[in-house]
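**Student:** Here it is: the structure, laid out below.
Chains as they are written, first to last, in the numbering used here: chain A, 1 to 539; chain B, 540 to 852.
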């Protein structure tokens with residue numbers, strides 16, 4: 001054990017400049033945490049207002065334009081400034097170099113630059129949303145965006161464009177780091193699954209984000225300069241916009257979910273005290289998801305007027321991309337077999353993830369079936385489905401990882417009772433919020449409606465009731481984490497009995513991560529009768 | 540409030556087919572998630588830390604499980620893909636003798652034009668048991684024509700015709716929505732699909748007052764816009780005659796052949812140099828911006844009416 005006055009990355013240097021000009025991946029991760037948390041609560045406030053608005057069938061809080069701006073804000077903030085950067089830039093930044101035994105990322109200054117791109121883009125977009133907002137929805141469909149949208153569209157789109165550089169540079173940084181900075185003995189098949197999934201995510205980040213950048217630039221060129229690209233009035237094709245938009249935005253779903261799958265693959269073996277079942281299958285499933293994920297964008301366009309044969313192919317490929325996800329669920333479940341299972345807060349969040357992701361994934365199979373998609377696309381069925389993946393999946397994974405690595409990041413423990421309570425609350429609140437929306441969707445309730453036929457009201461009321469529970473579940477960690485920083489007892493190097501390199505060094509880690517570069521002697525998640533066998537050998 | 544509505548109204552046999560597919564997928568999903576959740580809870584309880592469960596049978600040959608559940612998953616998924624696709628194909632095969640109604644979407648209303656010239660807004664009246672084909676255009680942004688009781692929707696993209704067809708089998712009034720976000724009053728762009736007995740429908744058409752048929756209105760426009768000057772005998776410029784053209788193959792100057800459907804006729808009016816009929820000079824001026832979607836529908840209906848005889852329309 002190390003004495004508390006030892007130097008850590010937190011106390012090695014002091015002052016605001018030491019944070020804003022830092023190149024330490026751990027400090028940059030904390031900078032990202034600050035940004036992510038801010039945007040999560042902005043998006044969450046918008047979500048709360050949406051659910052309040054929908055309690056009655058008519059207008060409740062404001063005009064239709066107010067509502068349209070609200071859901072646009074919710075979508076833009078949650079997708080680009082929370083979900084996409086959430087796990088990679090925070091836990092990826094903090095943990096990935098430590099997991100492979102590196103001192104930092106390959107390009108520390110580029111890493112800091114990424115944060116500035118993210119914050120600059122975020123503030124520009126937030127400014128646009130607060131100055132009066134925009135009414136396009138986060139999808140910016142054409143020709144609406146060029147000729148019919150009102151508000152600060154150009155500013156908001158420019159902010160998203162800027163933050164894209166953060167995605168690209170972060171992805172690049174991770175890929176080079178994993179290739180070049182692994183500690184001796186850290187072979188590819190000894191990498192923790194979180195590293196593999198972050199690597200797969202990074203591939204998508206650098207391959208898909210430039211397409212979004214092009215699409216947004218083309219949108220701006222058309223709106224500002226009237227260059228005919230997407231609008232039929234100017235000789236353009238609205239479907240072309242959808243192809244380009246979804247070529248990025250479908251893989252973006254995997255940018256959101258793959259890191260969470262990585263987190264769950266870390267937590268389940270640790271709290272079951274067992275190796276991950278089918279390690280190689282799980283890691284290659286991540287790569288398969290990243291690859292096939294690029295070939296399914298057309299399933300967003302089954303009723304948009306693309307060709308019949310395109311739809312048939314995209315339906316088939318969508319079923320194909322679901323296979324590796326299903327395999328992962330089976331492997332997590334099988335990992336529990338003959339384990340020594342503990343139910344600390346990270347594990348409860350992981351259970352929640354598996355349950356909600358399973359429902360989200362299975363309802364994806366309904367949507368991949370062409371004629372069912374025709375009926376339920378653009379209804380609440382879609383809304384429920386992607387919230388099960390993105391909130392039930394990605395956000396649950398984010399909270400699972402946050403609770404798992406919190407002692408490592410802060411060097412403090414949190415009250416486990418309250419954390420487990422929050423996990424259970426979020427799980428039930430989530431289901432009450434979003435399960436009724438499946439029913440609403442099949443009934444035919446279209447999305448993005450401020451007013452709706454009164455027979456749908458009961459399901460909306462239930463959904464809004466669930467949202468209030470969910471909001472409470474998400475707000476609770478703010479309090480016990482704050483308590484943890486101020487009063488929490490100090491965490492040992494390895495409080496969970498995990499095996500990865502990040503648990504071989506102090507909590508919180510010293511600025512250089514490891515006193516000496518560790519040598520890796522075995523695969524991750526090895527346990528002997530429930531006792532961890534550290535990847536770095538004896539500590 | 541209206542109790543707990545569980546299932547949408549069903550107005551067509553096709554809707555029943557979709558419900559059966561949906562129900563079958565529900566069963567598969569319930570069995571799969573039931574199995575996963577049962578195993579999760581069962582293992583979580585049996586192998587909880589501190590339990591005395593036997594842990595000596597750890598699975599060694601994990602690849603056998605991987606191959607088994609990968610193959611099983613793939614098989615089930617391919618089955619679902621094929622089943623869904625065969626049903627989907629029906630949407631692309633409209634019956635030849637369907638009643639054809641033109642629909643124009645604009646912010647924020649649906650306008651319908653019946654062959655007899657009757658017009659309605661945010662309402663659509665159709666006879667029960669008859670195939671109906673909608674030819675749809677948008678005047679501004681993308682809209683989506685959605686009738687939940689029929690389990691069908693189709694985006695209406697500006698700049699082109701989209702079509703959809705259905706046969707309602709049950710008399711009644713059903714919600715009609717716009718499903719693609721289209722601006723301020725998106726939620727109010729819709730109304731009712733009214734399915735009527737054939738006799739009631741005939742009376743309803745009658746009650747709309749004496750109308751000139753859509754094709755007759757189109758014929759008048761055909762003269763007013765000057766189309767007839769070239770496209771009819773005695774014209775000063777050599778242009779293809781349009782009698783009997785609709786629905787038949789047209790050889791183009793680039794060597795390809797297109798079927799002269801609604802989309803081709805519309806494109807030929809708005810972008811005449813795009814697909815020039817073989818043997819003719821590309822001299823026709825564009826009418827883009829001069830002919831409204833409503834008038835385009837009338838012109839198309841006229842060209843269609845002088846095409847080869849179609850039974851039932």
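Glycine residues also receive a C-beta, built at the ideal position from the N, C-alpha and C atoms.
#1: Could you give the DSSP three-state label for residue 146(A): helix, strand or coil?
#2: Compute the Euclidean distance between the alpha carbons of residue 551(B) and residue 695(B), then round it to the nearest angstrom.
#3: With a threshold of 8 Å between beta-carbons, can residue 743(B) be considered close to chain D, or not?
#4: Which stretch, first to last residue, makes up the alpha helix (DSSP H) that contains residue 53(A)?
#5: What three-state label does DSSP hand residue 650(B) in the structure shown?
#6: Comparing C-alpha positions only, which one of 779(B), 762(B), 612(B) and 662(B) sits nearest to residue 653(B)?
#7: Which chain B residues sit within Cβ distance under 9 Å of residue 340(A)?
#8: Given a limit of 8 Å on CB to CB distance, which residues of the stretch 605-620 of chain B reach chain A?
#9: Hey, is residue 572(B)'s beta-carbon within less than 8 Å of any beta-carbon in chain A?
#10: Closest to residue 722(B) by CA distance: which of 66(A), 203(A), 124(A) and 413(A) is it?
#11: Taking the Cβ atom as the reference point for each residue, do residue 408(A) and residue 266(A) lie within a distance shorter than 8 Å?
#12: Using Cβ-Cβ distances below 8 Å, what residues of the stretch 342-356 of chain A are close to chain B?
#13: What did DSSP end up calling residue 340(A) once you bin it into helix, strand or coil?
#14: Within this structure, are the beta carbons of residue 728(B) and residue 648(B) separated by less than 8 Å?
#15: At the 8 Å Cβ level, is residue 490(A) part of the contact set with chain B, yes or no?
#16: Pick from 8(A), 53(A) and 6(A): whose alpha carbon is nearest that of residue 460(A)?
#17: Using a Cβ-Cβ cutoff of 8 Å, what residues of the stretch 691-718 of chain B are near chain A? List them in chain order.
#18: Under 8 Å between the Cβ atoms of residue 510(A) and residue 536(A)?
#19: Shorter than 8 Å from the beta carbon of residue 565(A) to some beta carbon of chain B?
#20: Starting from the beta carbon of residue 598(B), find every residue of chain A whose beta carbon is closer than 9 Å, and list them in chain order.
#21: Where does residue 714(B) fall in DSSP's three states?
#22: Nearest CA to the CA of residue 331(A): which residue from 313(A), 309(A) and 275(A)?
#23: Under the rule that 16 or more other beta-carbon atoms within 10 Å means buried, what is residue 832(B), buried or exposed?
#24: Using the Cα positions of residue 639(B) and residue 716(B), report the straight-line distance between them to the nearest angstrom.
#25: Going by DSSP in three states, residue 256(A) sits in which element: helix, strand or coil?
#26: Can you tell me the Cα-Cα spacing of residue 319(A) and residue 617(B), whole angstroms?
#27: In terms of DSSP beta bridges, what is residue 684(B) paired with?
#28: Closer than 8 Å, CB to CB, is residue 733(B) near chain A or not?
#29: Could you name the residues of the stretch 449-470 of chain A whose beta carbon sits closer than 9 Å to any beta carbon of chain B, in the order they occur along the chain?
#30: So the candidates are 361(A), 432(A) and 11(A); which of them puts its Cα closest to the Cα of residue 565(B)?
#31: Using alpha carbons as the reference points, say which of 452(A), 240(A) and 398(A) lies closest to residue 87(A).
#32: Where residue 4(A) and residue 485(A) are concerned, what is the direct C-alpha to C-alpha distance, given to the nearest angstrom?
#33: Are the beta-carbon atoms of residue 179(A) and residue 94(A) separated by less than 8 Å?
#34: Taking DSSP as the reference, what is the three-state secondary structure of residue 676(B)?
#35: Going by the CB atoms, is the gap between residue 135(A) and residue 69(A) shorter than 8 Å?
**Tutor:** Answer, in terms of the structure:
#1: Your numbering for residue 146(A) matches position 146 in the first chain. The answer is helix: DSSP assigns residue 146(A) an H, G or I state.
#2: To locate residue 551(B), count along the second chain from 1; it is residue 12. To locate residue 695(B), count along the second chain from 1; it is residue 156. Between the C-alpha atoms of residue 551(B) and residue 695(B) there is a straight-line separation of about 22 Å.
#3: The displayed structure is made up of protein chains A and B, and chain D is not among them.
#4: Counted from its first residue, the first chain places residue 53(A) at position 53. Segment 25-53, the alpha helix (DSSP H) holding residue 53(A).
#5: Position 111 of the second chain, counted from the start, is the residue given in the question as residue 650(B). Strand, per DSSP.
#6: The residue labelled residue 653(B) in the question sits at position 114 within the second chain. Cα-wise, what sits closest to residue 653(B) is 662(B).
#7: Residue 340(A) sits at position 340 when you count from the first residue of the first chain. Per Cβ cutoff of 9 Å: 586, 587, 588, 589, 590 and 594.
#8: Correct list: 605, 608, 609, 612, 613, 616, 617, 619 and 620.
#9: Translated into the one-based positions of the second chain, residue 572(B) becomes position 33. By this cut-off, residue 572(B) is an interface position.
#10: Position 183 of the second chain holds residue 722(B). Among 66(A), 203(A), 124(A) and 413(A), the Cα nearest to that of residue 722(B) is on 66(A).
#11: Sequence index remark: in the first chain, residue 408(A) carries index 408 (1-based). Sequence index remark: in the first chain, residue 266(A) carries index 266 (1-based). For residue 408(A) and residue 266(A), no; Cβs fall outside 8 Å.
#12: Here the close residues are 342, 343, 351, 354 and 355.
#13: On the first chain, residue 340(A) is found 340 positions in, with the first residue counted as 1. Correct three-state label for residue 340(A): coil.
#14: By 1-based counting over the second chain, the position of residue 728(B) is 189. By 1-based counting over the second chain, the position of residue 648(B) is 109. Yes, Cβ-Cβ distance for residue 728(B) and residue 648(B) is below 8 Å.
#15: Taking the first residue of the first chain as position 1, residue 490(A) is located at position 490. No, no contact with chain B.
#16: The count along the first chain starts at 1 and reaches residue 460(A) at position 460. From the listed residues 8(A), 53(A) and 6(A), the smallest Cα separation to residue 460(A) is found for 53(A).
#17: 691, 692, 693, 694, 696, 697, 698, 699, 701, 714, 716, 717 and 718
#18: Here residue 510(A) is taken as the residue at index 510 of the first chain, counted from 1. Here residue 536(A) is taken as the residue at index 536 of the first chain, counted from 1. With contacts defined as CB atoms closer than 8 Å, residue 510(A) and residue 536(A) fail to qualify as a contacting pair.
#19: The structure shown does not extend to residue 565(A), since chain A is modelled only from 1 through 539, so no value can be given for it.
#20: Here residue 598(B) refers to the residue found at position 59 of the second chain. The contacting residues are 277, 334, 337 and 338.
#21: Stepping through the second chain from its first residue, residue 714(B) is reached at position 175. Strand.
#22: Reading the first chain from its first residue, position 331 is the one you call residue 331(A). Ranking 313(A), 309(A) and 275(A) by Cα distance to residue 331(A) puts 275(A) first.
#23: The residue you call residue 832(B) lines up with position 293 of the second chain. By the neighbour-count rule (16 or more Cβ atoms within 10 Å), residue 832(B) is buried.
#24: The residue you call residue 639(B) lines up with position 100 of the second chain. The residue you call residue 716(B) lines up with position 177 of the second chain. Roughly 20 Å separates the two Cα atoms.
#25: Along the first chain, read from residue 1 onward, the residue named residue 256(A) stands at position 256. Residue 256(A): helix per DSSP, three-state reduction.
#26: Counting from one through the first chain, the residue named residue 319(A) turns up at place 319. Counting from one through the second chain, the residue named residue 617(B) turns up at place 78. If you take the alpha carbons of residue 319(A) and residue 617(B), they lie about 7 Å apart.
#27: Here residue 684(B) refers to the residue found at position 145 of the second chain. According to DSSP, which records beta bridges pairwise, residue 684(B) is partnered with 693(B) and 717(B).
#28: As a first step, residue 733(B) is located in the second chain; it is residue number 194 there, counting from the start. No, because no Cβ of chain A sits closer than 8 Å to the Cβ of residue 733(B).
#29: 449, 450, 451, 452, 453, 454, 455, 456, 457, 458, 459 and 461
#30: Mapped onto the second chain, residue 565(B) falls at position 26. Measuring from the Cα of residue 565(B), the nearest candidate turns out to be 361(A).
#31: As a working note, residue 87(A) is residue 87 in the first chain. Among 452(A), 240(A) and 398(A), the Cα nearest to that of residue 87(A) belongs to 398(A).
#32: Numbered from 1 along the first chain, position 4 holds the residue referred to as residue 4(A). Numbered from 1 along the first chain, position 485 holds the residue referred to as residue 485(A). The predicted position of residue 4(A) is uncertain, since its pLDDT is 48 and thus under 50; no value can be drawn from it.
#33: Here residue 179(A) is taken as the residue at index 179 of the first chain, counted from 1. Here residue 94(A) is taken as the residue at index 94 of the first chain, counted from 1. No, they are not a contact pair.
#34: Along the second chain, read from residue 1 onward, the residue named residue 676(B) stands at position 137. If DSSP states are grouped into helix, strand and coil, residue 676(B) belongs with the strands.
#35: Looking up residue 69(A) in the first chain gives position 69. Looking up residue 135(A) in the first chain gives position 135. Yes, the pair counts as a contact, with Cβ atoms nearer than the cut-off.
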